[in-house]
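In order, the protein sequence lines correspond to chains A and B.
The first sequence lines up with residues 14 to 488 when you count with our numbering.
The second sequence lines up with residues 14 to 488 when you count with our numbering.
Number of protein chains: 2
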Amino acid sequence: MKRYEQLADEMGEQVRNGSLRAGERLPSVREVSASRRVSPSTVFKAYYLLEARGLIEARPRSGYFVTARTAKPRAEPAANAAAEQAQSVAVSELVFQVLGHARQQDLVPLGSAFASPALFPLAPLARSVGRALRRLDPWRTVEDLSPGSETLRRQIALRYLAAGSSVDATEIVITNGAMEALNLCLEALTQPGDLVAIEAPCFYAALQALERRGLRAVEVATNPRSGVDLASLRAVLARYPVKACWFMPNFQNPLGSLMPEERKRELVAILAERGIPLIEDDVYAELYFGRHRPLPAKAFDQRGLVLHCGSFSKSLAPGYRVGWTAAGRFAGEIARRKLMSSLATALPSQEGISDYLQQGGYDRHLRQLRHTLSMHQAKVLRAIAKHFPPGTRVTQPEGGYFLWVELPGSINALQLHRLALSQQISVAPGQLFSADQRFASFLRLNCGHPGDRRSEQAIKTLGQIARSLAEGEAR
Amino acid sequence: MKRYEQLADEMGEQVRNGSLRAGERLPSVREVSASRRVSPSTVFKAYYLLEARGLIEARPRSGYFVTARTAKPRAEPAANAAAEQAQSVAVSELVFQVLGHARQQDLVPLGSAFASPALFPLAPLARSVGRALRRLDPWRTVEDLSPGSETLRRQIALRYLAAGSSVDATEIVITNGAMEALNLCLEALTQPGDLVAIEAPCFYAALQALERRGLRAVEVATNPRSGVDLASLRAVLARYPVKACWFMPNFQNPLGSLMPEERKRELVAILAERGIPLIEDDVYAELYFGRHRPLPAKAFDQRGLVLHCGSFSKSLAPGYRVGWTAAGRFAGEIARRKLMSSLATALPSQEGISDYLQQGGYDRHLRQLRHTLSMHQAKVLRAIAKHFPPGTRVTQPEGGYFLWVELPGSINALQLHRLALSQQISVAPGQLFSADQRFASFLRLNCGHPGDRRSEQAIKTLGQIARSLAEGEAR
Numbered sequence: 014m015k016r017y018e019q020l021a022d023e024m025g026e027q028v029r030n031g032s033l034r035a036g037e038r039l040p041s042v043r044e045v046s047a048s049r050r051v052s053p054s055t056v057f058k059a060y061y062l063l064e065a066r067g068l069i070e071a072r073p074r075s076g077y078f079v080t081a082r083t084a085k086p087r088a089e090p091a092a093n094a095a096a097e098q099a100q101s102v103a104v105s106e107l108v109f110q111v112l113g114h115a116r117q118q119d120l121v122p123l124g125s126a127f128a129s130p131a132l133f134p135l136a137p138l139a140r141s142v143g144r145a146l147r148r149l150d151p152w153r154t155v156e157d158l159s160p161g162s163e164t165l166r167r168q169i170a171l172r173y174l175a176a177g178s179s180v181d182a183t184e185i186v187i188t189n190g191a192m193e194a195l196n197l198c199l200e201a202l203t204q205p206g207d208l209v210a211i212e213a214p215c216f217y218a219a220l221q222a223l224e225r226r227g228l229r230a231v232e233v234a235t236n237p238r239s240g241v242d243l244a245s246l247r248a249v250l251a252r253y254p255v256k257a258c259w260f261m262p263n264f265q266n267p268l269g270s271l272m273p274e275e276r277k278r279e280l281v282a283i284l285a286e287r288g289i290p291l292i293e294d295d296v297y298a299e300l301y302f303g304r305h306r307p308l309p310a311k312a313f314d315q316r317g318l319v320l321h322c323g324s325f326s327k328s329l330a331p332g333y334r335v336g337w338t339a340a341g342r343f344a345g346e347i348a349r350r351k352l353m354s355s356l357a358t359a360l361p362s363q364e365g366i367s368d369y370l371q372q373g374g375y376d377r378h379l380r381q382l383r384h385t386l387s388m389h390q391a392k393v394l395r396a397i398a399k400h401f402p403p404g405t406r407v408t409q410p411e412g413g414y415f416l417w418v419e420l421p422g423s424i425n426a427l428q429l430h431r432l433a434l435s436q437q438i439s440v441a442p443g444q445l446f447s448a449d450q451r452f453a454s455f456l457r458l459n460c461g462h463p464g465d466r467r468s469e470q471a472i473k474t475l476g477q478i479a480r481s482l483a484e485g486e487a488r
Numbered sequence: 014m015k016r017y018e019q020l021a022d023e024m025g026e027q028v029r030n031g032s033l034r035a036g037e038r039l040p041s042v043r044e045v046s047a048s049r050r051v052s053p054s055t056v057f058k059a060y061y062l063l064e065a066r067g068l069i070e071a072r073p074r075s076g077y078f079v080t081a082r083t084a085k086p087r088a089e090p091a092a093n094a095a096a097e098q099a100q101s102v103a104v105s106e107l108v109f110q111v112l113g114h115a116r117q118q119d120l121v122p123l124g125s126a127f128a129s130p131a132l133f134p135l136a137p138l139a140r141s142v143g144r145a146l147r148r149l150d151p152w153r154t155v156e157d158l159s160p161g162s163e164t165l166r167r168q169i170a171l172r173y174l175a176a177g178s179s180v181d182a183t184e185i186v187i188t189n190g191a192m193e194a195l196n197l198c199l200e201a202l203t204q205p206g207d208l209v210a211i212e213a214p215c216f217y218a219a220l221q222a223l224e225r226r227g228l229r230a231v232e233v234a235t236n237p238r239s240g241v242d243l244a245s246l247r248a249v250l251a252r253y254p255v256k257a258c259w260f261m262p263n264f265q266n267p268l269g270s271l272m273p274e275e276r277k278r279e280l281v282a283i284l285a286e287r288g289i290p291l292i293e294d295d296v297y298a299e300l301y302f303g304r305h306r307p308l309p310a311k312a313f314d315q316r317g318l319v320l321h322c323g324s325f326s327k328s329l330a331p332g333y334r335v336g337w338t339a340a341g342r343f344a345g346e347i348a349r350r351k352l353m354s355s356l357a358t359a360l361p362s363q364e365g366i367s368d369y370l371q372q373g374g375y376d377r378h379l380r381q382l383r384h385t386l387s388m389h390q391a392k393v394l395r396a397i398a399k400h401f402p403p404g405t406r407v408t409q410p411e412g413g414y415f416l417w418v419e420l421p422g423s424i425n426a427l428q429l430h431r432l433a434l435s436q437q438i439s440v441a442p443g444q445l446f447s448a449d450q451r452f453a454s455f456l457r458l459n460c461g462h463p464g465d466r467r468s469e470q471a472i473k474t475l476g477q478i479a480r481s482l483a484e485g486e487a488r
């Protein structure tokens, strides 16, 4: 990260945490240059960046000021209690009913699970695929089955190292996206009827995976900012014979929560004490808005009990279907199950990504991507603050591209979803995100489509629908 | 197929079935030209082709003669009785032990499941991938999840049509190779503990799939030439609550058997009467040596009960991981399960194959591939006849690239496998191909590596090992 970016991040954080308040004047370029011992041009660049992010604004002949928000930012939702009781899962039907619509391009995709494909370097990737396939040794097509391309596994291991954790290439199994990795982990760790601890709320695909394997879910409470509630986890583990946990410590879907490092360390310790494996879904980690990639829980794992699942789909190559798991002591078992279930991961995709990583453009692309996503998140948050009814609460995640919105009163999100759909807007109603469908007045909104000019208007429309529903409730 | 190829096939068949005997003189070019009403050049070309296939030879100034075999061709193995009793499956460990070695390039790959990658048009395919990705609409990366690329599904539907069966593009789901398709079918049709009817012997991956899902197998008897024994199937269905059948009517792995059309029709009728779905693994069908692609059982299905699984891995694009199932009434369910298990199939692979098919080179490639494989099969059969001990029996499949060899006496194929491995030769011992490991004196040999100069010597070495084991038995 360049010095000016670092400076911008620091000052941005002061704006976010209120040390610098709306309307307040920022110190002059000369002052900052002197106090920080950086060149004036570094300060200028940092201020330009903060301006681009919508956090500060220049006033002619007066200097830079913290942007006056057009509306008071919304409070965050409260912590989520957990059902803390085992239950069978049957959410799939609802998920398909609701998301069956979510792939039509004429909808504003606020309910989508995907960021805009325009954010990814698909043209350079295509060149990489072509180049890699031209020089491919044909024997690789029958020899690189499972665990997958050795070169790519080494490159992934290097990225772990660069991010501060240490993973050996031999424990990595390349999969058909993270989704396959997560399913294989679940399969290796559980038998039908077993209990798996999940977060409340949690990603509906995790619920579907449990349902598909005939597993029972036991929910653990979460905090929308800091993720898994360890007291709740301890209570659950004391009460139930949990076979595995499936958590997202970094930028959880749908909360966007980020577990602090210390909490991750403790999570790993709690589970290690009981010998319970953790399936760590970490597909959004590269989309951090802070200074560093947050460590995975895997970084604290000393017993090979954390099965860390990653993917290039959210950060580089949507549609290529390249994910992986660094599965610790379960790596051999997972590689076998991969062989049995889908034999191998597509070689053109593996080779293309491997070539792209070798070309060295990945980190530059990621910086750009994070910048774009964080700016757009701020924009969508402002729009929500402006248009949604009073009492609305919303998360402010430090990465990823989801917002978790709590609607006031008892607005039914499924009802809102249906009304929104009639206005060509998709949303993901909270009912999808727990086994007992109890997040009924929540929405997950996608803020990963910065190029979509319809989004401000769509937020406004959603706000109107929410207001009308709230009034209906009040009557 | 060109006229001369047709003629060559007809005369080749006469050699194979003994109408034309070894050493017998073939009719002159003029005679054939007159009787068949084809040009002399067509006859010449047919004779050249038969000569290339090793079936006939030119003798200077005397004309063409049926090749005198250096050794009497081996008899075919007898029909296989079935266990015809339900049993749990636990063959995986053995499969991994035995085949763990099978991917090392320094082995002669007679135990491999793959044909030589040199047989496939990987360079034109690479160009197709590059071209397709350059013009790819980025939105396809998030919209083409399941059931997969519509263009590709239409192209596959057209190929069904051209081959004489009718499948609607809407019932096709693209998968990560046929292996995923087969697993998804199994998942859609069964619950753990259920009974599935399979062939004896059958492909070990089918056994592994059953094992993985906790299913029980009930074996149906087969004939090494004509496949599933319908009387045995009827007996099995009368006795057991079979939830699904998993058969390979075309060029079964490992038998190479081909069910005659009438038998396929009857198979479908038997199952339709009882409402039992058929998972039809048909990945070798394009590798036929006869005149036409054999029809799938699916062609006779009127109730949507046949889930036909195909792939480009064996015929065009190894390593690309593009397969599919035309799943009849189960298509919607399979598409959902695909979404839940691995979300989507890699787009670069789908798009590349789609572009390649559009370019029109596929059928030309297939003609060449079939020709090469049939010639090499004849060569390997001659080598087996020459080098293996008396009493050896071997199949002569009309397509695919497997031979199923029955060793004389009670030679243990696992023992032979171990001795062969010490000579840098892999084989697939018969124990892998049934739930109760009873094909203990059988081998599956791969004859899909025509470019491997070591294969004749390897067959000779195998023959020597077999002889020494037979003598050991006799003592």
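Cβ atoms here follow ideal geometry from the backbone N, Cα and C, with glycine treated the same way.
Nothing here was measured: the structure is a model prediction, and the numbers come from that model.
{"Item": "Mind checking which residues open and close the beta strand (DSSP E) that includes residue 10 of chain A?", "Value": "Lying outside 14 to 488, the shown extent of chain A, residue 10 of chain A is not represented and no answer is given."}
{"Item": "Got a sec, what are the start and stop residues for the alpha helix (DSSP H) residue 198 of chain B sits in?", "Value": "190-202"}
{"Item": "What are the residues that DSSP puts in a beta bridge with residue 187 of chain B?", "Value": "B:337"}
{"Item": "Can you have a look at residue 83 of chain B and say buried or exposed, based on whether 16 or more other CB atoms are within 10 angstroms of its CB?", "Value": "Note that residue 83 of chain B scores 47 on pLDDT, short of 50, meaning its location in the model is unreliable; the coordinates nonetheless yield the value given after this. Exposed, since its Cβ has fewer than 16 Cβ neighbours within 10 Å."}
{"Item": "If we cut at 8 Å on Cβ distances, does residue 83 of chain B have a partner in chain A?", "Value": "Annotation note: pLDDT 47 at residue 83 of chain B (below 50); position unreliable, no value reported."}
{"Item": "Could you check whether the Cβ of residue 55 of chain B sits closer than 8 Å to any Cβ belonging to chain A?", "Value": "no"}
{"Item": "Per DSSP, which one or two residues make a beta bridge with residue 294 of chain A?", "Value": "A:322"}
{"Item": "Look up residue 439 of chain A in the DSSP assignment and say whether it is helix, strand or coil.", "Value": "strand"}
{"Item": "Name, going along the chain, the residues of the segment 434-466 of chain A whose beta-carbon falls closer than 7 Å to a beta-carbon of chain B.", "Value": "none"}
{"Item": "With DSSP run on the structure shown, which of helix, strand or coil describes residue 424 of chain A?", "Value": "coil"}
{"Item": "Contact between the segment 390-397 of chain A and the segment 246-256 of chain A is defined here as three or more beta-carbon pairs at a separation below 8 Å; is this criterion met?", "Value": "no"}
{"Item": "With DSSP as the reference, label residue 173 of chain B as helix, strand or coil.", "Value": "helix"}
{"Item": "What residues in the segment 160-194 of chain B have a beta carbon less than 7 Å from any beta carbon of chain A?", "Value": "189, 190, 192, 193"}
{"Item": "For residue 131 of chain A, decide whether its Cβ has a neighbour in chain B, counting only Cβ atoms nearer than 8 Å.", "Value": "yes"}
{"Item": "Where residue 8 of chain B and residue 305 of chain B are concerned, what is the direct C-alpha to C-alpha distance, given to the nearest angstrom?", "Value": "Past the edges of chain B, shown from 14 to 488, lies residue 8 of chain B, and the structure says nothing about it."}
{"Item": "Have a look at the DSSP bridge pairing and note the partners of residue 417 of chain B.", "Value": "B:457"}
{"Item": "Measure the alpha-carbon distance for residue 18 of chain B versus residue 59 of chain B and round it to whole angstroms.", "Value": "6 Å"}
{"Item": "Using the beta-carbon of each residue, which ones in chain A are nearer than 9 Å to residue 102 of chain B?", "Value": "Near residue 102 of chain B there are no residues of chain A at all, since even the closest Cβ is about 12 Å away, more than 9 Å."}
{"Item": "Give me the chain B residues within the contact set of residue 152 of chain A, using Cβ-Cβ distance strictly less than 8 Å, ordered along the chain.", "Value": "118, 130"}
{"Item": "Three Cβ pairs or more, each shorter than 8 Å: is that satisfied between the segment 311-322 of chain B and the segment 287-302 of chain B?", "Value": "yes"}
{"Item": "Would you kindly work out how many angstroms separate the C-alpha atoms of residue 349 of chain A and residue 159 of chain A, rounded to a whole number?", "Value": "7 Å"}
{"Item": "Cutting at 6 Å between CB atoms, please list the residues of its own chain near residue 32 of chain A, excluding the five before and the five after it.", "Value": "none"}
{"Item": "Is it buried or exposed, residue 355 of chain B, if we count other Cβ atoms within 10 angstroms and call 16 or more buried?", "Value": "buried"}
{"Item": "Span of the alpha helix (DSSP H) holding residue 493 of chain A?", "Value": "Because chain A here runs from 14 to 488, residue 493 of chain A falls outside it and cannot be looked at."}
{"Item": "Could you tell me whether the Cβ atoms of residue 170 of chain A and residue 181 of chain A are closer together than 8 Å?", "Value": "yes"}
{"Item": "Is the distance from the Cβ of residue 446 of chain B to the Cβ of residue 217 of chain B below 8 Å?", "Value": "yes"}
{"Item": "Is there at least one Cβ from chain B nearer than 8 Å to residue 7 of chain A's Cβ?", "Value": "Not covered by the structure: residue 7 of chain A. The range shown for chain A is 14 to 488."}
{"Item": "At least one CB of chain B closer than 8 Å to the CB of residue 139 of chain A: is that the case?", "Value": "yes"}
{"Item": "Could you compute how far the alpha carbon of residue 353 of chain A sits from the alpha carbon of residue 196 of chain A?", "Value": "13 Å"}
{"Item": "Could you tell me whether the Cβ atoms of residue 444 of chain A and residue 482 of chain A are closer together than 8 Å?", "Value": "no"}
{"Item": "With which residues is residue 76 of chain B paired in a DSSP beta bridge?", "Value": "B:72"}
{"Item": "Please state whether DSSP places residue 106 of chain B in a helix, a strand or coil.", "Value": "helix"}
{"Item": "Residue 376 of chain A: buried (16+ other C-beta within 10 angstroms of its C-beta) or exposed?", "Value": "exposed"}
{"Item": "Give a yes or no on whether 8 Å exceeds the smallest Cβ distance from residue 358 of chain A to chain B.", "Value": "yes"}
{"Item": "Which chain A residues are close to residue 365 of chain B, counting only those with a beta carbon under 7 Å from its beta carbon?", "Value": "361"}
{"Item": "Of all the alpha helix (DSSP H) runs that stay within the bounds of the segment 332-390 of chain B, which reach a length of 4 or more residues?", "Value": "344-355, 360-372"}
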